[in-house]
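Under our numbering, the first residue of the sequence shown carries the number 19, and numbering increases by one thereafter. Even for Gly, the Cβ is constructed at its ideal location relative to N, Cα and C.
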Amino acid sequence: MADEQFPAAVTALEEYHNIEQRMADPEVASNPEKMRKLGRRHAELGVIVSAYTAYRQVKDDLEAAKEMASEDPDFAEEAKRLESELPAAEEKLRTALIPRDPDDARDTIMEIKAGTGGEEAALFAGDLLRMYMRYAEKRGWTVTLQSENTTELGGVKDVQLAIRAKGTPAPEDGVWASLKYEGGVHRVQRIPVTESQGRIQTSAAGVIVFPEADEDDDEIEIDQKDLKIDIFMSSGPGGQSVNTTYSAVRMTHIPTGIVVSMQDEKSQIQNRAAALRVLKSRLLAMKHEEEAAQAADMRHSQVRSLDRSERIRTYNFPENRIVDHRTNYKAYNLDAVLDGDLQAVIDSDIQADEADRLANQK
């Protein structure tokens, strides 16, 4: 029986219908955060339910065709056809049942920091910022700059942005599902604008990404006694004052030493709320990283398992070449990639990750 062969699919179907009932509850429907959480889980289970429904359809049709085959030769042919389709339906269901990253449907906080290379590194960090903003635009996501520290030549010393999907995407379409592979050291090789001798220079920028916590995420609770909050005046490029009020916030989580600064919102209250959400996201990522380490389930292609001192990608301008060192992906369309055409590079990481999950499942 199908139910005996795939009990996990039956459990997923039951949870799926239960969530639909909860989402129809007026009290839940009027709460955006609850609806967002339930919608995320509903979309995650939907992949399993769809594969299970298709499998059951083939299975049931096959049994019916076999029963009728003795009375009608056409049903015998139908049974042969359905029998040939069954293995593919089974495999699709097994693949859907492989546990995926529970954060895939979440939105993402990204930080880009200029590394070695001085002004050239800052200019490259600015190139990466534009690349991710263009990529987000192509995916229909929204980008909010939460803090930015720029240089006089237009480079970026460091920047933090929130990248969010619209609505409730399926897990595979979530922001984290794609951008979690971007964490690490990105290296650039090109002739800097500050180089008068025409020599190629190598510099780098670091990218850190983590899934954004929900406003009411009950996984993370922060005791106000554990927070040290400093208020200071917002500043712009070159240290110039943005306004004359002390609206910028620096929030320190004493137990972990995590520091979050926020100054781009208009008021101190808004900056405090934004900083708290980023802090919760950092703590959520740290919690999941510890859980993954304990379960020995850290995969090479995910940012949470990445040694951030390790280069993950090289951008070679003279040859218009981009290389992902984790998957050996190589292409000669760097100009297009920097304009946001990043999907093929990310797909190479997704495919490597899926291959790992399939290998670990067997």
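Proximal residues to residue i (C-beta, below 7 angstroms), its chain only, five neighbours per side dropped
| i | result |
| --- | --- |
| Glu-328 | Gly-202 and Val-203 |
| Thr-162 | Leu-179 and Ala-180 |
| Ser-366 | Asp-342, Thr-345 and Tyr-347 |
| Gly-192 | Asp-122, Ala-123, Arg-124 and Ala-183 |
Selected residue, minimal CA-CA separation from residue i, among the options
| i | options | result |
| --- | --- | --- |
| Phe-24 | Leu-115, Pro-50 and Lys-84 | Leu-115 |
| Lys-131 | Ala-139, Met-53 and Arg-124 | Ala-139 |
| Thr-345 | Gly-144, Glu-372, Gly-57 and Asn-334 | Glu-372 |
| His-60 | Gly-224, Asp-353, Pro-187 and Asp-241 | Pro-187 |
| Arg-148 | Ala-303, Met-128, Thr-134 and Ala-47 | Met-128 |
| Thr-220 | Arg-118, Gly-136 and Glu-101 | Gly-136 |
| Tyr-264 | Thr-274, Gly-275 and Gln-281 | Gln-281 |
| Ile-238 | Pro-91, His-306, Trp-194 and Glu-101 | His-306 |
| Pro-117 | Pro-91, Ile-249 and Leu-63 | Leu-63 |
| Arg-157 | Asp-145, Ala-195 and Val-177 | Ala-195 |
| Asn-378 | Thr-113, Val-206 and Thr-160 | Thr-113 |
Coil, strand or helix - residue i by DSSP
| i | result |
| --- | --- |
| His-271 | strand |
| Asn-338 | coil |
| Gln-207 | strand |
| Glu-129 | strand |
| Leu-104 | helix |
| Arg-326 | For Arg-326, the predicted structure reports a pLDDT of 40, less than 50, and the residue's modelled location is therefore unreliable. A value from the coordinates is still provided. Coil at Arg-326, not helix or strand. |
| Leu-163 | strand |
| Asp-371 | helix |
| Lys-348 | strand |
| Ile-238 | coil |
| Ala-188 | coil |
| Ala-180 | strand |
| Gln-87 | The question names Gln, yet the displayed sequence has Ala at residue 87. Three-state DSSP puts Ala-87 in coil, outside helix and strand. |
| Ser-279 | strand |
| Ala-377 | helix |
| Thr-71 | helix |
| Arg-118 | coil |
| Ala-303 | helix |
| Arg-331 | strand |
Cβ-based neighbour list, residue i, same chain, cut-off 6 angstroms, excluding 5 preceding and 5 following
| i | result |
| --- | --- |
| Leu-141 | Gly-173 |
| Asp-315 | Any reading at Asp-315 must be qualified, since the residue scores a pLDDT of 47, below 50, and its modelled position is unreliable; no value is offered. |
| Met-41 | Leu-56 |
| Lys-52 | Val-46 |
| Arg-208 | Phe-335 |
| Ala-72 | Ala-107 |
Residue interval of the alpha helix (DSSP H) (run including residue i)
| i | result |
| --- | --- |
| Ser-196 | 193-197 |
| Gln-242 | Note, Gln-242: premise wrong, no alpha helix (DSSP H); not H, not E. |
| Gln-39 | 25-41 |
| Leu-171 | Element bounds for Leu-171: n/a, residue is neither H nor E. |
| Gly-358 | Run containing Gly-358: none; DSSP gives neither H nor E here. |
| Glu-200 | Where Glu-200 is concerned, there is no enclosing alpha helix (DSSP H), given that its DSSP letter is neither H nor E. |
| Gly-144 | 136-157 |
| Ala-123 | No alpha helix (DSSP H) holds Ala-123; DSSP gives it neither H nor E. |
Cβ distance (whole Å) where residue i is taken to contact residue j below 8 angstroms
| i | j | result |
| --- | --- | --- |
| Val-76 | Ala-107 | 5 angstroms |
| Leu-360 | Tyr-333 | Not a contact, Cβ separation roughly 12 angstroms. |
| Asp-122 | Pro-189 | 4 angstroms |
| Pro-229 | Ser-279 | Their Cβ separation, rounded to whole angstroms, is 20 angstroms, which puts Pro-229 and Ser-279 out of contact at 8 angstroms. |
| Ala-27 | Leu-111 | 6 angstroms |
| Val-267 | Ile-249 | 6 angstroms |
| Glu-95 | Leu-80 | The Cβ separation is near 12 angstroms, so there is no contact. |
| Arg-152 | Asp-357 | 6 angstroms |
Where the beta strand (DSSP E) containing residue i begins and where it ends
| i | result |
| --- | --- |
| Thr-220 | 219-229 |
8 angstroms Cβ shell around residue i - same chain, five flanking residues per side excluded
| i | result |
| --- | --- |
| Val-363 | Arg-331, Ile-340, Asp-342, Tyr-347, Ala-349 and Val-355 |
| Asn-49 | none |
| Lys-175 | Lys-131, Ala-132, Ala-140, Ala-143, Asn-167, Thr-168 and Thr-169 |
| His-35 | none |
| Ile-272 | Asp-244, Leu-245 and Lys-246 |
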